Amino acid sequence: MSKAEQILAALGGEANVVDLEPCITRLRVEVGDAQLVDESALKASGAFGVVRSGRIVQVIVGPEADHLAAELDNLR
């Protein structure tokens, strides 16, 4: 399973991802149900950290954010 696939699964699957955009070192993701997000799995996939604010989840992934966002878009 690729890193992007692991991140998508940890975000609750493609049906849970409402919107996704990269920001320099982060993936900003709006999710349908924040309770489906598995923070431990995100960190296990290589995320440096996770910041939550309601249904917005920021996954800190470093300089590969743009590349991962493109891969995630292809998976959705």
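Numbers 33 to 108, taken from our numbering, label the letters of the sequence shown in order. Glycine is no exception: its CB is placed at the ideal position from the N, C-alpha and C atoms. On a predicted model such as this, the values are computed, not experimentally measured, just so you know.
To the nearest angstrom, report how far apart V93 and A79 are at their CA atoms. 5 Å
For G94, name the three-state secondary structure that DSSP assigns. helix
If I measure Cβ to Cβ from R87 and keep anything under 6 Å in the same chain, skipping five residues before and after, which residues do I get? E62, V63 and A66
Under 8 Å Cβ to Cβ from G109, same chain only, skipping five residues before and after it: list those, please. No answer is possible for residue 109: it lies beyond the span of the chain, which begins at 33 and ends at 108.
L40: first and last residue of the uninterrupted alpha helix (DSSP H) it sits in: K35 to A42
Please report the residue range of the alpha helix (DSSP H) in which S72 lies. E71 to A76
Alpha carbon to alpha carbon, how far is D70 from V82? 10 Å
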